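Worksheet: one structure, shown below.
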Amino acid sequence: MVAAGLLILSSLLSLALGRPSAVHSEFVVRDQRSEVPLGFKPGNIRNFIPPGMLRLTIALPQNNATGLQASLLDVSDPTSENYGHHLSKSEVEQLVAPKAESSKAVSDWLSKNGISPDSTSASGDMVTIKVPAEKANALLNANFTTYTHEASNTTMVRTLAYSLPSDLQEHVAFIYPTTQFIPPASRKAAVKVIQPFRKTKRSQSKRADIPSQCAQVITPQCLQAIYNIPPTPATAAGNSLGVSGFGGEVANHDDLKAFLAQARPDITNTTFAVQSVDGGSDDGQGTTEASLDIQYTVGLATNVPTTFISVGDQNQDGDLGGFLDIINTLLKQDNPPLVLTTSFGFDEAPFASQAPDLATTLCNAYAQLGARGTSVLFASGDGGVSGPQANDACDGQAFSPTFPSGCPFLTSVGSTQGINPETAAAFTSGGFSNIFAQPDYQADAVAGYLKTLGNTNAGLFNPKGRAFPDVSTQGVQFAIEVAGQLQGVDGTSASSPTFASVVALLNDALLNAGKSPLGFLNPMLYSQGAAALNDITSGSNPGCGTDGFPAVAGWDAVTGLGTPDFAKLLTLVTGSAASGNSSDASGQDAGTGNSTSTATDSAAASATDSAAATATDSAAATATDSSAATATDSAAATATDSAAATATASSGSKKQQQKGGKADKQGKAPQNSKQAAENSKQAAKQDGQA
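Heads up: the sequence shown is residues -18 to -1, 1 to 672, going by mature numbering (1 follows the signal peptide of the UniProt record, and there is no 0).
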């Protein structure tokens, strides 16, 4: 009896600590943690089974993620004959769909346990279920309980271990949320409210064509003048711009109307649509982040249809589930937005140490959108070299990159300040990923920067990692309207919607000329596009007890390749972009790659002097100098196996592209995108990458 009692007590204690007790013979431990990660604390251990339903996403291995990456790079490289011939929805889904035996194994397992899927991704690589926590415990031999992230006071449901039947191991990439303790996304990922402005020498404008108010506050009209962006309305059918919002952020229509009345009185009746994901709010009092993002897309990408995609709170997982859900929602659409901007992000370190497979799956999801013709942009973050937000935890330790900016299949946007000269904003997050390898498209640019750095910051970052940001724009002293009051904000989340608006207007010219949208930007930006950007050569992003990375001539880890010159970019893309029909004039997904239409002379018009429209006095919102954010946070300094996979795909694609030759500017029909996808499949060396 004593022995039996001790056995029961031991089992209960093991369960309470989140470790599986005596594991049934059919179970094999899939992942486990010996202790609660630093920064988290368990809830009331006596109530270890949370009430309500637990939402779990089961990720299946994708059959040819390497082929997806190669196809993306092929259609995004201006030197490839397939440039601009984006893949169709079905072509992308075929590349990432799990093997039939994996789908059947997972389906049979769920059915055997009386569980029906709540939703399935378009390609079938993610299956979501909703079950009581107690049933999830039995299904996975786990102990789901509540934990609190102390810094944000966010409650999450997690387990310290989970298991799968032995015959299911090869058919599941990961299950989320289980053992992944990822701190919440940066709530105001790139926003800081600033005080009434005090004019400084730094902000003096020496350009006569820029309104004097722009030395005190940035408005859409200031950005039009600084970057030669035209105020004329976009007219192309099928154009679209999406703005992501997380964690209860609300974009208010009345706030936008009041903002436009002051900053863009010529378009006061322009509005935006709202799409709700996970119960995201479509009404209510406006919030800072959402107001900034909407007011500087609607207010800058004149007349481009804009949608605010509101993702609801995910109490079980601290926002990361929302990142999975929004991307799966968009991938199900026949016509996802042609540009997507997001101003939220994470510290990469927890992904590198706990969930590189989850980071890779998200990154591949952005690659899927890019392959279909969507330009995906993310704010790089506001913590200098310390991560998404400044803190003092990494003094003397390795720099902390941000995620998703470290993903090589999206465009990361940093911040600048001042007008003449334009300099790096000190808060800009930038650096090198510890998960993803450096892609070929940026290898030469980064090599030059590393040579300039010499031994500066040696040992504090991974020089072989994907380097970011890619580009930058103004990010200091942006005027916004929130709940009836003008405010000023700083941050890279002012910069991402700004650059996204530039891309949306470039797409307008391309669509009107019968050409494909830009899609994934980076291969173009790091080659031909660099000449159409303003190189930023002064400033740095301090943190972790260092001066961070310096801005220098060429690419750097603070401002990327530089800031946009719309007129030069317009001339570049309308003169050299290959014709394609991944999106025709009505925005319908075709993906066959057979269009031979070319841009007309009228479509290649440059931005006019009217871009330098003056800002109204009423738009000069109060704002102050932004202080240089101090930085912090530590990260592992070695790249994982997933980085090697990225490098392999990039290298393989480059060889394929070189065979293809130069893109025919007269619209010569390239090989069909289905054939390109098939070639990528043959080139892939590894099947089943998650």
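Just so it is clear, CB atoms sit at the ideal spot from N, CA and C, and this is done for glycine as well. In this text the structure is predicted, and so the values were computed from the model without any measurement.
Taking every protein chain shown into account, the CB of Ala283 has 16 or more other CB atoms within 10 angstroms, so this residue is buried.
When the alpha-carbon of Thr528 is set against those of Leu92, Ala380, Phe328, Phe502, the nearest one is in Ala380. The region 381 to 390 and the region 398 to 408 do not touch, with fewer than 3 CB-CB distances between them shorter than 8 Å. In this structure, the alpha-carbon of Gly525 lies about 6 Å from that of Ser368. In this structure, Val225 lies away from Thr356, with their beta-carbon atoms at least 8 Å apart. Residue Ala491 holds the alpha-carbon nearest to the alpha-carbon of Thr217 among Ala491, Gly501, Pro338, Ser475. Beyond the five residues adjoining it in sequence on each side, Thr214 comes within less than 6 Å, by CB distance, of no other residue in the same chain. Taking a 10 Å sphere around the C-beta of Lys94, we find fewer than 16 other C-beta atoms and assign the residue as exposed. Boundaries of the alpha helix (DSSP H) around Pro332: 331 to 336. Using a C-beta cut-off of 8 Å, the region 14 to 26 makes contact with the region 150 to 165, since at least three inter-stretch Cβ pairs fall below that distance.
Straight-line spacing of the CA atoms in Ala104 and Ser477 works out to 31 Å.
Apart from sequence neighbours up to five positions away, the residues of its chain that approach Ser85 with a beta-carbon distance below 6 Å are Gly106, ordered along the chain. A residue is called buried when at least 16 other Cβ atoms come within 10 angstroms of its Cβ; Ser522 meets this threshold and is buried. Its chain contains Asp237, Ile462, Val464 as the residues whose beta carbon lies nearer than 6 Å to that of Ser273, once the 5 sequence neighbours on both sides are disregarded; these appear in chain order. Between Gly34 and Ala240, the C-beta gap is not smaller than 8 Å, which leaves the two residues out of contact.
Only residues of its own chain outside the window of five on either side were considered, and among them Gly21, Phe22, Met138, Pro165, Pro166, Gly300 have a CB closer than 7 Å to the CB of His131, listed in chain order. Contact between Gly304 and Phe418 is absent: CB atoms are separated by about 22 Å, not below the 8 Å threshold. Counting along the chain, no alpha helix (DSSP H) covers Tyr129; the unbroken beta strand (DSSP E) around it starts and ends at 127 to 131. For Ile111, the enclosing beta strand (DSSP E) has its first and last residue at 108 to 114. Within its own chain, the residues whose Cβ lies closer than 8 Å to the Cβ of Tyr348, once the five positions on either side in sequence are excluded, are Ile309, Val358, Pro386, Cys389, Phe391, Leu392, listed in chain order. DSSP places Glu271 outside any beta strand (DSSP E); the residue lies instead in the alpha helix (DSSP H), whose first and last residues are 270 to 280. Around the beta carbon of Lys497, a 10 Å sphere encloses 16 or more other beta carbons of the protein chains shown; the residue is thus reported as buried.
When secondary structure is reduced to three states using DSSP, Tyr158 falls in the strand class.
Secondary structure note for Glu463: it is in no alpha helix (DSSP H), and the uninterrupted beta strand (DSSP E) holding it is 460 to 464.
Contact check for Gln14 and Ala143: beta-carbon distance about 3 Å, within the 8 Å limit, so the pair qualifies. Annotation: the continuous alpha helix (DSSP H) that includes Gln203 extends over 202 to 209.
Between Glu330 and Ser415, the C-beta gap is smaller than 8 Å, which places the two residues in contact. Cα atoms of Pro159 and Pro319: separation of roughly 28 Å, rounded to the nearest angstrom. For the pair Val485 and Val321, the CB atoms are nearer than the 8 Å cut-off. Assignment of Ile291 by DSSP, reduced to helix, strand and coil, places it in the strand class. Excluding residues up to 5 positions away in sequence, Leu320, Gly355, Asn489, Leu492, Leu493, Ser565 lie with their Cβ nearer than 7 Å to the Cβ of Pro499 in the same chain. With respect to Thr455, Pro546 sits close: the two C-beta atoms are nearer than 8 Å. Pairwise C-beta distances place the region 512 to 520 in contact with the region 533 to 546, as three or more of them are shorter than 8 Å. For the region 46 to 121, the full-length alpha helix (DSSP H) segments reaching 4 residues or more read 47 to 58, 71 to 78, 82 to 94 along the chain. If you ignore the 5 residues before and after Gln257, its C-beta comes within less than 6 Å of the C-beta of Thr289, Ile291, all in its own chain and listed in chain order.
In the displayed model, Lys497 falls within coil according to three-state DSSP, outside both helix and strand.
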